[in-house]
Amino acid sequence: AAYRPKNHSPETWIAALDLFVYPARYEEFGMVVLEAAALGVPVVTSRRVGAAECLPAEYAQWVGVAPEVDEFAERTLRLLRDSAARARLAAAGIAAARAQDLRRYGAETAATILAQKRRLR
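Residue numbers (the numbering used here): 924 to 1044.
Take a look at the structure:
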């Protein structure tokens, strides 16, 4: 890996990756996770990253509960050795990113808020 300064076309660098590893301890959303998936780059992250909710079911075994170092390393190495799994995740990630739109986001956000409101009564 090499340091690259900020630029106006990060998609060039992200698309060149075999795998995107995002071990944030806590991240409200982490748009870069969805951006990598949209570019067909498989992602290893945890459920503590909000954007993990946007990843499709194919990601279940690759998204951990928390960013524990040993588990992250194991998943990352396993995925790097499995080109078929990376290809499946790439295709699923592209499809999931395409499915994200403002209407769907608004509808799901409203449903979540209403469900919580009902629980609090």
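Even glycine gets a Cβ: it sits at the ideal position worked out from N, Cα and C. These figures come from a predicted structure and were not determined experimentally.
Residues sharing a beta bridge with Val967, DSSP:
Val944
Report the residue from Asn930, Pro928, Val966 whose alpha carbon sits nearest the alpha carbon of Ala980.
Val966
By a C-beta neighbour count over all protein chains shown, 10 Å radius and 16 as the cutoff for buried, is Arg998 buried or exposed?
buried
Status (buried if at least 16 other CB within 10 Å, exposed otherwise) for Pro990:
buried
May I ask you to list the residues that DSSP assigns as paired with Gly1029?
Answer by DSSP bridge pairing: none, since Gly1029 is not bridged.
Buried versus exposed, by CB contacts within 10 Å (16 or more), Trp985
buried
Nearest neighbour of Met954, chosen from Glu934, Leu940, Asp941 [CA to CA]
Glu934
For Ala996, the nearest candidate out of Tyr945, His931, Gly963, Trp936 (CA to CA)
Tyr945
Kindly list the residues whose CB is nearer than 8 Å to the CB of Arg1011, restricted to its own chain and excluding five residues on each side of it in sequence; keep chain order.
Glu981
When you compare the CB positions of Cys977 and Ala960, do they come within less than 9 Å of one another, or not?
yes
DSSP three-state label for Glu1045, please.
The chain is shown from 924 up to 1044; residue 1045 falls before or after that span and cannot be answered.
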